[in-house]
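Inspection log for the structure reproduced underneath, given as C-alpha cells.
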Amino acid sequence: QNDIIEANVALSVRTDKLICAPENSHDAYTAEEIHKLREVLEAEDDVYARIIRLDLCLVVRIGELEAMKWEDVDLERRTVRIHAQIVKRRRNGKGTFEYVQHTKSGKYGNTELGKRKLKLNNRAMDVLREQKRLNPSGEFVFMSRNGTPLLTNKVNDHIKRYCAQAGIRYLSSHSIRVSNITSLFDHGVAPTKIQVAAGHSDIRTTNGYCRSEICDEIDPEILEKAL
2 QNDIIEANVA LSVRTDKLIC APENSHDAYT AEEIHKLREV LEAEDDVYAR IIRLDLCLVV
62 RIGELEAMKW EDVDLERRTV RIHAQIVKRR RNGKGTFEYV QHTKSGKYGN TELGKRKLKL
122 NNRAMDVLRE QKRLNPSGEF VFMSRNGTPL LTNKVNDHIK RYCAQAGIRY LSSHSIRVSN
182 ITSLFDHGVA PTKIQVAAGH SDIRTTNGYC RSEICDEIDP EILEKAL
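The following block contains the structure:
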C-alpha cells in the first residue's frame with residue numbers, strides 16, 4: 002500500500018536514469034529557512050498563517066489548497082482529496098477568480114488527471130483541527146472574512162511579511178512546493194510517488210522541481226521527517 006498517496010489515475014513512467022535538473026527557474030527554501038518560517042507562522046493566529054503552515058506539509062499547488070472544501074478532508078482517516086483549484090481568469094476585461102473542478106494537470110482533455118488523495122502528517126492534522134474549530138461550517142477550509150476562498154496574491158503577500166519577521170529571504174508559495182518536493186527526494190521517496198503526490202502528468206516536471214543532488218534512493222518513512 003502506498004504510504005503517501007492514493008491516486009485516481011495510473012501513470013506509466015521510466016525513472017531508471019532519472020537525474021535532477023539544474024536549478025534554473027525555481028528556487029527553494031533551505032531547511033533552516035523553513036524552520037525559522039514555521040516558528041513565525043506558529044505564533045500567528047491568522048488564516049493566512051494556517052494555510053501556509055499546511056502548504057509546508059504537502060506537495061500541492063497553492064490554488065489547490067485554496068479550493069479545498071471540508072467535504073474533501075477526512076480527519077478520521079487523516080487524508081485530503083485534491084481535485085479542484087482556484088484560478089485567475091479574464092472576464093469582460095477584468096480579472097476574476099474561479100473555482101474549477103480539475104487540477105492544472107487536467108486543464109486540457111482528461112480532467113481526472115492530477116486528482117489524488119494525500120495522507121496527512123501530524124503538523125497538517127494540527128492545522129486542520131485548529132481551522133475546523135475556527136471555521137466549522139464554512140464551505141471552504143480557508144476563507145477570508147467576507148466568506149470567499151483565499152487568493153494566491155494575498156497568500157504571497159503574507160508569506161513576504163512572515164519571511165521578513167523570520168529574517169529570511171522571501172520566496173513565493175510556488176517555491177514552498179519546490180522545497181517540499183526536494184525534501185521528499187532528499188528523504189528517499191521514489192520519484193514516481195512524488196510525481197503522483199504532486200499531481201504532475203509528466204515525470205520530467207517532477208524532476209525539474211528537484212533541487213537535490215541525489216534523487217533515486219527509496220525510503221518509505223518520510224512524512225514526519227520530510228515535511
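Heads up: the sequence shown begins at 2 in the numbering used here, then just goes up one per residue.
Where is the CB? At the ideal position from N, CA and C, for every residue including glycine.
Cβ neighbours of Ala-199 within its own chain (closer than 7 Å, five residues either side excluded): Val-60, Ile-182, Thr-207. With fewer than 16 other Cβ atoms from the protein chains shown falling within 10 Å of its own Cβ, Gly-148 counts as exposed.
Counting only runs that start and end inside the segment 95-120, the beta strand (DSSP E) elements of at least 3 residues fall at 95-101, 117-120.
Taken atom to atom, the span from the alpha-carbon of Leu-42 to that of Thr-31 is near 16 Å. Looking at Arg-130, Glu-77, Arg-78, Asp-73, the one whose alpha-carbon comes closest to that of Gln-102 is Asp-73.
Rounded to the nearest angstrom, the gap between the Cα atoms of Asn-93 and Thr-153 is 21 Å. Of the candidates Arg-82, Leu-38, Ile-204, Leu-38 places its Cα closest to the Cα of Gln-166. Around the beta carbon of Ser-145, fewer than 16 other beta carbons lie within 10 angstroms, which makes this residue exposed.
The residue from Lys-194, Ile-195, Thr-193, Ile-169 with its alpha-carbon nearest to that of Ile-35 is Ile-169. Assignment of Asp-75 by DSSP, reduced to helix, strand and coil, places it in the strand class.
Counting along the chain, the unbroken beta strand (DSSP E) around Arg-82 starts and ends at 80-83.
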